[in-house]
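Residue numbers (my numbering): 189 to 366. Yeah, the Cβ is synthetic: ideal placement off N, Cα and C, and Gly gets one too.
Below, the structure written as structure tokens:
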């Protein structure tokens with residue numbers, strides 16, 4: 189940044205220089221690591237998950253596969269459509285109006301074997317996923333132990349079992365401590 193400012197001054201342009209978002213592309217280790225990668229994320233609809241999804245899309249991942257639990261009145265796709273309209277994505281929307289083309293919702297549930305994913309989805313993940321970020325968890329403090337174990341332990345075990353079958357994988361595990 190300083191070099192750019194100095195170069196502008198050298199050209200005799202001492203006026204204040206305004207740099208708008210997106211005008212300067214800075215290479216960082218994070219951008220370089222994630223650029224053009226296919227990422228599987230659990231917990232992408234939660235508070236931290238939304239931030240993570242937005243950041244990954246902004247640094248240039250190829251595709252984000254999100255395991256999304258359907259709710260009684262919304263499919264996984266509808267939940268992602270709603271999520272993508274949130275304010276957290278405003279900055280991304282300004283530079284990439286089609287960012288949702290890089291989000292692939294997968295209807296699943298951390299409580300179910302293989303995360304409740306169908307065979308076609310599992311095959312796609314096994315062939316394409318390079319990075320797994322497991323941020324899905326049940327963080328309700330009033331949940332029964334049995335229910336918390338299903339999501340927090342079984343879900344993690346199943347992610348690891350799936351990871352063994354992923355041909356291009358690097359794993360990142362985020363654990364929430366209470």
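In this structure, residue 244 lies near residue 222, with their beta-carbon atoms less than 8 angstroms apart. Contact between the segment 301 to 317 and the segment 346 to 357 is present: three or more C-beta pairs spanning the two stretches fall below 8 angstroms. Leaving aside the five residues that flank residue 264 on each side, the residues in its chain whose CB is nearer than 6 angstroms to its CB run, in chain order, 256, 258, 293 and 295. For the pair residue 249 and residue 279, the Cα-to-Cα distance works out to about 16 angstroms. Under the three-state reduction of DSSP, residue 225 is assigned to coil, being neither helix nor strand. Residues of the same chain with a CB within less than 7 angstroms of the CB of residue 247, apart from the 5 flanking positions on each side, are 218, 219, 222 and 223 in chain order.
Secondary structure at residue 259: strand, using DSSP grouped into helix, strand and coil. Secondary structure at residue 331: coil, using DSSP grouped into helix, strand and coil. Using a 10 angstroms sphere on the CB of residue 277, the tally of other CB atoms reaches 16 or more, which defines it as buried. Excluding sequence positions up to five before and after residue 235, its CB lies less than 8 angstroms from no other CB in the same chain. For the pair residue 274 and residue 254, the CB atoms are not nearer than the 8 angstroms cut-off. Residue 302 and residue 346 have their C-alpha atoms some 6 angstroms from each other. Contact annotation, residue 299 with residue 252: C-beta distance approximately 22 angstroms; criterion of less than 8 angstroms not satisfied.
Contact check for residue 271 against residue 320 fails: the beta carbons are separated by 8 angstroms or more. Bounds of any beta strand (DSSP E) do not take in residue 282; it lies within the alpha helix (DSSP H) bounded by 278 to 283.
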